[in-house]
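Asker:
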Amino acid sequence: MTLFPNLDIRLWILAAGRLLSQLGIGFTLFYAPLFFADDVGLSATAIGLGLGSQSLSGMIGRFAGGSMADSPQWGRRRTLLISAAISAVADGCFVITHDFIGFVIANLLMGLGVGLYWPATEAVVADLTTENNRNEAFAIVRLADSLGLSAGVVIGGAMIAAFQAYRLLFALDGITFIVFYAVIAIAIAETLNTKTTGGNFWQGWQVAIRDRTLQIYVAVNCLFTLYLSQSQSTLPLYLNRFTGLDNHAAVGGIFTWAIVLTALCQLPMVRWLKRFTQPHALMIALGFWGVTFFSTWLVGQQLITPSIFVVIGLTAMALGTVAYTPIASALVVGIAPNALRGVYLSVNSMCWAVGYLIGPPLGGWALDHAMAHQFWLWLMFSTLGGIIILRTLQLQMQPQNSH
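For the sequence shown, the positions run 2 to 404 when the working numbering is used.
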């Protein structure tokens, strides 16, 4: 902590809680699609639709969560508590489901819980920081997320290799949400400044929807989140089915490399990117994602071996992720009115719901319809469109920065 003397102690407590929460998510993140495909017998398209349904309810959760986080009647803290409770119930549903309907219900509940969670937790970080230390603060909580995920993937992979205990992983995920609930209830006081709030419950959305800078940002942010959804849903299935990596533990081990690297690079990357404008930093992130998609296509064509893909493709994926996540959140906080941080961060989080709504079904469809290899080239070329949008965003933000 001595490296960051200006950061509020509550930020570190929140980071610890997020680490625990992401630990549980890491137990199931890459293994759930494999489990429901091979053990439950769902098709790639059905899995994509199930994961996509999580995004539908997630959009509802984010829409309500942004206004709740900005509302004195609810606030950041109470919204986080409700989120953790719903997510724990969702994991209970995953434990007992044996068919597509149960899979969808569990995903709908998880999406709602996650949707409520993100605007509130990001707003807490914004409340506890200033413009000078906000990039680092978002990097720290994202580092906690990455550490939790990496540990969860490692532990989950070890449990699968030893016991094939997939359903136990969902139970452990639920327990981590209960622990996160306790951390928030005991250690995090409300951070919402009620003096800056005003208007009715939904009024902030009217302001956000008309914000031209936010509109441009949303377009490119949906691209980023679509890419992230592929790394968690389509890419594991693709490697499992089309590259000879038919061992679940091996696929999990490959992704462990990316998640561990994400944790190691998070703080150095955000400090290095300080020399660039935020849109320029996001262009660099898109470049990394382009490398990932091209190397995925190469391994599918057997032009490079899976081991080289791990070094090139997943390293680029990790770097693209750490360049994107903290900078994107800090950018949104910077353009948001103080009284509407929850709503603006809800819009930011809504992009994740859109990306995860479109991404898994699209990827599953590509795998099921003999377009698995071309799909990665389509994604690679889409990064060029993202760079054009970011250039437009940079021009839009210049008049604001000059005042």
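Here a beta-carbon is modelled for each residue, glycine too, at the ideal position from N, C-alpha and C.
This one's a predicted model, so the numbers in the text were calculated from it and none came from an experiment.
1. Helix, strand or coil for alanine 86? Go by DSSP, reduced to three states.
2. Would glycine 301 and glycine 49 qualify as a contact pair, given that the criterion is a beta-carbon distance under 9 Å?
3. If you draw a straight line from the alpha carbon of alanine 166 to that of cysteine 352, how long is it in whole angstroms?
4. Report the start-end ranges of each alpha helix (DSSP H) in the segment 144–188 that is 4 residues or longer and not cut off at the edges.
5. When we look at the beta-carbon of alanine 163 and count the other beta-carbons within 10 Å, is it buried (16 or more) or exposed?
6. Could you check which residue in Gln303, Trp258, Gly314, Cys223 has the C-alpha nearest to that of leucine 283?
7. Relative to the C-alpha of serine 56, which candidate in Phe36, Leu109, Gly103 has its C-alpha closest?
8. Note down, in chain order, each residue of its chain lying with its Cβ closer than 6 Å to the Cβ of aspartate 212, except the 5 sequence neighbours on either side.
9. Tell me whether tryptophan 1 sits in a helix, a strand or coil according to DSSP, three-state version.
10. Compute the distance between the beta-carbons of tyrosine 228 and leucine 394, then report whether it is under 9 Å.
11. What number of angstroms, rounded off, separates the C-alpha of proline 269 from the C-alpha of valine 292?
12. Go through its chain and collect everything with a Cβ distance to tyrosine 325's Cβ below 6 Å, but skip five positions before and after it.
13. Could you give the distance in angstroms between the alpha-carbon of glutamine 233 and the alpha-carbon of glycine 321?
14. Which whole runs of the beta strand (DSSP E) in the segment 22–71 are 3 residues long or more, in chain order?
15. What runs of the alpha helix (DSSP H), each 4 residues or longer, lie entirely inside the segment 343–368?
16. Would DSSP call asparagine 108 helix, strand or coil?
17. Taking asparagine 7 as the reference, which of Arg19, Arg77, Asn133, Gly18 has the closest Cα?
18. With DSSP collapsed to three states, give me the class of methionine 372.
19. Let me make sure I understand the geometry here. Which of Glu123, Phe294, Trp75, Ile156 has the alpha-carbon closest to that of alanine 317?
20. With distances taken from CA atoms, which of Ala70, Arg135, Trp13 is nearest valine 333?
21. Compute the distance between the beta-carbons of glycine 18 and serine 350, then report whether it is under 9 Å.
22. Does the Cβ of aspartate 100 have 16 or more other Cβ atoms within 10 Å, making it buried, or fewer, making it exposed?
23. Using CA coordinates, which residue listed in Gly76, Leu20, Ala354 is at the minimum distance from leucine 193?
24. The alpha helix (DSSP H) with arginine 213 in it runs from where to where?
25. Starting from isoleucine 313 and walking both ways along the alpha helix (DSSP H), at which residues does that stretch end?
26. State buried or exposed for isoleucine 260, treating a residue as buried only when at least 16 other CB atoms are found within 10 Å of its CB.
27. Span of the alpha helix (DSSP H) holding tryptophan 290?
28. For leucine 129, count neighbouring C-beta atoms within 10 Å of its own C-beta (all shown protein chains included) and say buried if the count is 16 or more, exposed if not.
29. Less than 8 Å between C-beta atoms, sequence neighbours within five positions excluded: which residues of the same chain meet that for histidine 404?
30. Kindly indicate which three-state DSSP category isoleucine 388 falls into: helix, strand or coil?
31. Taking 8 Å as the threshold, find out whether the segment 19–26 comes into contact with the segment 141–155 through three or more Cβ pairs.
32. Please state whether DSSP places alanine 121 in a helix, a strand or coil.
33. By how many angstroms is the C-alpha of threonine 278 removed from the C-alpha of alanine 38?
34. So, at 6 Å on beta carbons, what are the nonlocal neighbours of serine 58 in its own chain, with the 5 sequence-adjacent residues on each side left out?
Answerer: Checking against the coordinates, here is how it stands:
1. helix
2. no
3. 33 Å
4. 167–188
5. exposed
6. Cys223
7. Leu109
8. none
9. The question about residue 1 has no answer, for the chain in this structure spans 2 to 404.
10. no
11. 20 Å
12. Phe225, Ala286
13. 14 Å
14. none
15. none
16. helix
17. Asn133
18. coil
19. Phe294
20. Arg135
21. no
22. exposed
23. Gly76
24. 213–233
25. No alpha helix (DSSP H) contains isoleucine 313, which DSSP labels as neither H nor E.
26. buried
27. 279–301
28. buried
29. Low local confidence applies: a pLDDT of 46 at histidine 404 is under 50, so the model's placement there is unreliable, and no value is given.
30. helix
31. yes
32. helix
33. 43 Å
34. Leu109, Gly112, Leu113
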